[in-house]
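S.K.: I am attaching a structure below and will ask some questions about it afterwards.
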DNA sequence: GCGTCATATTTCACTGGTGAAATAAATATA
DNA sequence: TATATTTATTTCACCAGTGAAATATGACGC
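Protein chains in written order, with the numbering used here: chain A, 1 to 165; chain B, 1001 to 1165.
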């Protein structure tokens, strides 16, 4: 299917790096698929993935707090969307916003007790599915996969410089 | 950073499959990063990735044609969005729509000569960046990566059944 | 041949993410 | 000290994708 398509493209544009194209395409598809799976598991809890990861970051912090800018870095979201995410979580009482005392430009975001309870409640529902995703992977394969992904991430970071203002 | 966060979560919820969680998270992040890189490369051509892949599918077909439903399968988009994508490409004269003679419920979508020229024009601009993404990967590593991604895709397909109506 | 069910595409309303711009505060520079 | 530049967050408008519903056509069973 995809391979057949790529070889047809290759016929017309012979210098195309077919193997890399196929790998990139596969990664994009699998990534999208995994995202969809995650969204599906979160849907009953009325949560999307960026809200989920934001909550998880806060849950994992020693004091349960962070700033919008910091959360943006950890969740790879833009500031605009982080505002929206935080609004949604505040509305549900899972987090609260406050002023930062050391820098008045900053907002301080903290997970609430209800937020902690919520995380503890939904996490176990996701474990079986998470393990299913990696069924049939040996420990070596998992490690290799992680290594290759990190390598890729590094390359993408280097590819980005002229893209970053 | 991410690893520290996951071990904190592990403290609070000890039965969490930490390794799988970390891998899944990494895959989601790298996938998103690659997508962003692709979008960035397509932006000067006023094209987004789903439009790009739709065009590529048509370009690679022997007769340069397909149906919306078929394109949905190959590009992993929903029917609704394929309508929007096709509208955008028709508007630019890169594809054209026509009736299917064998099944009147179907629309036939074909790439135009202008569409073919457009693809031939933009593809070479993407090769250097595509190769950059896999710099430092040996042939074995590329093959392994592909194999692991396919394995994952298979698992995700199996995880999906109860999710599919 | 008719009724029921399934399929293909599109429309509409909504969700989640982005870019540009605005505002206030902090930092750097002269 | 005053000014210029940078940073942090939010608002607003827009984009791209989804779910539900609608409409027409095709397949299937009786």
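Think of the CB as a built atom: it goes at the ideal place given N, C-alpha and C, for glycine as much as any other residue.
Between the stretch 129–144 of chain A and the stretch 43–60 of chain A, do at least 3 Cβ pairs fall closer than 8 Å?
M.R.: Judged by Cβ distances under 8 Å, the stretch 129–144 of chain A makes no contact with the stretch 43–60 of chain A, as fewer than three pairs qualify.
S.K.: Thinking just about the alpha-carbon of each residue, which of 131/A, 157/A, 154/A is nearest to the one in residue 38/A?
M.R.: Taking only the C-alpha atoms, the option nearest residue 38/A is 131/A.
S.K.: Can you give me the C-alpha to C-alpha distance between residue 58/A and residue 1014/B, rounded to a whole angstrom?
M.R.: When rounded, the distance between both Cα atoms is 17 Å.
S.K.: Using a Cβ cut-off of 9 Å, pull out every chain B residue sitting near residue 120/A, in sequence order please.
M.R.: Result: 1012, 1013.
S.K.: When you compare each of 96/A, 17/A, 6/A to residue 1125/B by their alpha carbons, which one comes out closest?
M.R.: Ranking 96/A, 17/A, 6/A by Cα distance to residue 1125/B puts 17/A first.
S.K.: Helix, strand or coil for residue 1023/B per DSSP?
M.R.: Here residue 1023/B sits in helix by DSSP.
S.K.: Looking at the strands, I want to know which residues DSSP matches up with residue 65/A.
M.R.: In DSSP, residue 65/A forms a bridge with 110/A.
S.K.: Taking DSSP as the reference, what is the three-state secondary structure of residue 105/A?
M.R.: Three-state result, residue 105/A: coil.
S.K.: If contacts are defined as beta-carbon pairs under 8 Å, then residue 83/A and residue 109/A qualify, I think. What distance do you get, rounded to the angstrom?
M.R.: Residue 83/A to residue 109/A, Cβ: 11 Å. No contact.
S.K.: Could you tell me which chain A residues have their CB closer than 7 Å to the CB of residue 1086/B, listed as they occur along the chain?
M.R.: The contacting residues do not exist; residue 1086/B stays about 18 Å from chain A at best.
S.K.: With burial defined as no fewer than 16 other Cβ atoms inside 10 Å of the residue's Cβ, what is the status of residue 75/A: buried or exposed?
M.R.: Flag for residue 75/A reads buried.
S.K.: Let me know if residue 1155/B comes out buried or exposed under the rule of 16 or more other beta-carbons within 10 Å of its beta-carbon.
M.R.: By the neighbour-count rule (16 or more Cβ atoms within 10 Å), residue 1155/B is buried.
S.K.: Mapping DSSP to helix, strand and coil, what is residue 97/A?
M.R.: Residue 97/A: strand per DSSP, three-state reduction.
S.K.: Is residue 150/A buried or exposed, if buried means 16 or more other CB atoms sit within 10 Å of its CB?
M.R.: Residue 150/A comes out exposed.
S.K.: Would you identify the three-state DSSP class for residue 16/A, choosing helix, strand or coil?
M.R.: Of the three classes helix, strand and coil, the one that applies to residue 16/A here is coil, per DSSP.
S.K.: To the nearest angstrom, report how far apart residue 1011/B and residue 1005/B are at their CA atoms.
M.R.: C-alpha separation (whole angstroms): 10 Å.
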